[in-house]
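S.K.: Pasting a structure below so you can have a look.
In my numbering, the protein residues as written are 1111 to 1253.
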């Protein structure tokens, strides 16, 4: 079997091993995508191998915080680990949300290792038409 070597990938792996997994005082970052879809703002976080009960989502004012923990899988006593590259520990991400988002109605969905948050755009931020009142005629100024 041929294996292609990427020196930067090996350097990243070595740096991750030296720094160790994230802790509650120094969590690792989690990759994410953010985009607008219609009248919602969507944020998707990659959290493979994390169970739904190990994810914590908080919103305080306009600060969205997502914390997750990937715990080690318990193995039998006769298992000898040959290679371990999947990071364990704590992952965290904080995002400042715009005032135009409705933080009271955030929906969270977790499927296939991807946490998806859907944040509706507030009604006050949506475009709307302003009607113009037309006067009934001329008005005189008397003085």
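Glycine is no exception: its CB is placed at the ideal position from the N, C-alpha and C atoms.
Note that the structure is a prediction, hence the values are computed from the model and not measured.
Provide the residue(s) that pair with residue 1217 in DSSP beta bridges, ordered along the chain.
M.R.: Answer by DSSP bridge pairing, in chain order: 1228.
S.K.: Measuring alpha carbon to alpha carbon, tell me which residue in 1151, 1143, 1138 and 1236 is nearest residue 1230.
M.R.: The shortest C-alpha separation from residue 1230 is found at 1151.
S.K.: Considering only their Cβ atoms, is the gap separating residue 1220 from residue 1162 smaller than 7 Å?
M.R.: Result yes, Cβ atoms of residue 1162 and residue 1220 sit closer than 7 Å.
S.K.: Rounded to whole angstroms, how far is the Cβ of residue 1154 from the Cβ of residue 1143, which I believe are closer than 8 Å?
M.R.: Their Cβ separation, rounded to whole angstroms, is 5 Å, which keeps residue 1154 and residue 1143 in contact under 8 Å.
S.K.: Given 8 Å as the limit, is there contact between the region 1178-1188 and the region 1231-1246, that is, 3 or more CB pairs closer than that?
M.R.: No, the region 1178-1188 does not touch the region 1231-1246.
S.K.: Please return the same chain residues whose Cβ sits closer than 8 Å to the Cβ of residue 1237, not counting the five positions on each side in sequence.
M.R.: So the list is empty, once near-sequence residues are dropped.
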